[in-house]
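Residue numbers (the working numbering): 91 to 384.
Report on the structure given below.
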């Protein structure tokens, strides 16, 4: 089984915020077994990650040696709704496969540490957003969901927000756009496979989209993880026997990264997560999937 021989598991809590260095971007790694996740510091030597730092770290092999294989989970969106309307932006001329969509996003969002705002500006008619305290509702705005997002909501795995809804603390649209710009960079790296779009059989690094709230729910928790008292039973339920040393570095972002790394290690060997029933050829080509959602 090409998904059964991973030696390391990386969890990345992503951010779509404007700027260069981000308090909301965190990465953790754990080895196969039952050991504690460990936080990863930016190789740049900076105290905070930039998104481009993260892209470079993934391209460079996440510091692993030859013979080691890594499963990376990023808490973000790898695509946009397509199946419901037969198009990403109905009425607009956009490609009909996700990798061409990534290229389009990357063309618009090349600067500003992969910030997704320029894409939203270009296609503002499809978004609900705010500017200067005013709510702006695009002419074609609809609270659309991808297939795996709707399934996550219906199954109780957790609440999901439409990528076109950019108001409030749960908005994820800008995060997803910055991720797609990064995925375009990673797409031509021979050692990296992006699931479910690529064949993962021979890839040394496999990157999957995850939903950290669903992983926390697997550990019996709902809502933000605010301290080690809350984090410990989640990690224990996910098969982790030693706890990370977060100390004064504890944030909910660090906790989500640790939970993601531990959850990937805990469930990666289960075939059902690699072959969900609703992952049709069209969904695979246009929307992708959230690893861990059945």
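C-beta: ideal position from N, C-alpha, C; glycine also.
None of these values were measured; they are calculated from a predicted model.
Residues 277 and 287 of the same chain have their beta carbon placed closer than 7 angstroms to that of residue 189, with the five preceding and five following residues left out of the count. The beta carbon of residue 333 sits closer than 8 angstroms to the beta carbons of 126, 318, 321, 322 and 325 from its chain, once the five residues preceding and following it are set aside; these are given in chain order.
Here DSSP, grouped into helix, strand and coil, assigns residue 209 to helix. DSSP places residue 324 within a helical segment (H, G or I) once states are collapsed to three. Within the DSSP secondary-structure output, residue 203 pairs in no beta bridge. The alpha helix (DSSP H) runs lying completely inside the region 306-384 and spanning 4 residues or more are 318-327, 342-357, 361-364 and 371-376, given in chain order.
In the displayed model, residue 219 falls within a strand according to three-state DSSP. When the five nearest sequence neighbours on each side are left out, the beta carbons in the same chain lying within less than 7 angstroms of the beta carbon of residue 179 are those of 213 and 216, in order along the chain. Our two residues, residue 112 and residue 152, have alpha carbons roughly 19 angstroms apart in a direct line.
Excluding sequence positions up to five before and after residue 163, its CB lies within less than 6 angstroms of the CB of 101, 298, 300, 350 and 354, all in the same chain and listed in chain order. Here residue 229 has 215 as same chain residues with Cβ atoms under 6 angstroms from its own Cβ, once five neighbours each way along the sequence are excluded.
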